[in-house]
Amino acid sequence: DAKTTQPNSMESNEEEPVHLPCNHSTISGTDYIHWYRQLPSQGPEYVIHGLTSNVNNRMASLAIAEDRKSSTLILHRATLRDAAVYYCILRTEGNDYKLSFGAGTTVTVRA
Amino acid sequence: DAGITQSPRYKITETGRQVTLMCHQTWSHSYMFWYRQDLGHGLRLIYYSAAADITDKGEVPDGYVVSRSKTENFPLTLESATRSQTSVYFCASRVAGGGELFFGEGSRLTVL
């Protein structure tokens, strides 16, 4: 199964953008890139996902490299509520029960 | 209320006892999942179910039993709890065909 690599932690100031990188050099053509986040003492929640093109939603943007071997989750204006662990996950079409959550990136937001 | 709920939220038990963690969802999602979360391991899939009466093993199924007689419920049973099963357990669900996973709030289990 294709794996992802993320930095252990990142810090940001409130109201500044946050760019969270994810490497997935062994990604296959049918793998979707998903991002989830987990706030303290809560279950993970969906953030965004994409296949090839960049994606935007109300929570974040997902920028996918042309070769798809890396992607970046962008939080445009970090708030204190965005402090969480962010997981970059690959979901294989047709085999998508096997979502593997690694250690993720712990994001700290300074007021 | 609509959504996915887990019970109990907190449970302390002793080694050797049977424990059942409940998971209930109101969306009629086909797929349901059980994960455990331990420090240093992220979330690991225990069991999943594609529909009522269809279940399959995940990454760490040993010591656990599941059933799914109704679409909305997916209980997880530890038949004889061990200390290594002390963890936070998350239930999740989603529609068939992929897409967003919806997680419950978690059940924190301590086995003494």
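Protein sequence lines, in the order shown, are assigned to chains A and B. For reference, each letter of the first sequence is one residue, going 177 to 287 in the numbering used here. For reference, each letter of the second sequence is one residue, going 8 to 119 in the numbering used here. Every residue, glycine too, gets a C-beta built ideally from N, C-alpha and C. Fair warning: this is a prediction, and the values are worked out from it, not measured in the lab.
Within the region 45-58 of chain B, contact with chain A at the beta-carbon level (separation under 9 Å) is assigned to G47, H48, G49, L50, R51, L52, Y55, A57. Under the three-state reduction of DSSP, S91 (chain B) is assigned to helix.
Taking a cut-off of 8 Å on C-beta distances, the region 183-202 of chain A touches the region 249-261 of chain A, as three or more cross pairs fall below it. Here the C-alpha atom of Y54 (chain B) lies approximately 8 Å from the C-alpha atom of E66 (chain B). If you look at S246 (chain A), you'll find it in the beta strand (DSSP E) that goes 246-251. The C-beta distance from F81 (chain B) to Y42 (chain B) rounds to 12 Å, too long to meet the 8 Å contact threshold.
Within chain A, Q218, G219 have C-beta atoms less than 7 Å from the C-beta of E112 (chain B), given in sequence order. Within the region 55-106 of chain B, the beta strand (DSSP E) runs of at least 3 residues that lie entirely inside it are, in chain order, 61-64, 71-73, 83-85, 94-101.
By the C-beta density criterion, I19 (chain B) is exposed, having fewer than 16 other C-beta atoms within 10 angstroms. For the region 219-233 of chain A, the beta-carbon criterion of a distance under 9 Å to any beta-carbon of chain B is satisfied by G219, P220, E221, Y222, H225.
The alpha-carbon of P183 (chain A) is positioned some 28 Å away from that of Q92 (chain B). Against chain B, the beta carbon of G280 (chain A) has neighbours under 9 Å at G49, listed in chain order. Neighbours of F97 (chain B) in chain A, taken as residues whose beta carbon is under 9 Å from its own, are G219, P220 in chain order. For L108 (chain B), the residues of chain A that pass the 8 Å Cβ criterion are Y212, P220, Y222, L275, in the order they occur in the chain. Taking 8 Å as the threshold, the shortest C-beta distance from G10 (chain B) to chain A does not fall below it.
Judged by their CB atoms, L83 (chain B) and L28 (chain B) are nearer to each other than the 8 Å cut-off.
Rounded to whole angstroms, R267 (chain A) and S14 (chain B) show a C-alpha spacing of 28 Å. Contact check for S76 (chain B) and A57 (chain B): beta-carbon distance about 14 Å, past the 8 Å limit, so the pair fails to qualify. Annotated as proximal: T22 (chain B) and L119 (chain B), with beta-carbon spacing under 8 Å. Under the DSSP assignment, R267 (chain A) falls in the beta strand (DSSP E) whose first and last residues are 260-268. With 16 or more neighbouring CB atoms inside 10 Å of its own CB, Y71 (chain B) falls in the buried class. By the Cβ-count criterion, V102 (chain B) is exposed, with fewer than 16 other Cβ atoms from all chains shown falling within 10 Å of its own Cβ. For M39 (chain B), the enclosing beta strand (DSSP E) has its first and last residue at 38-45.
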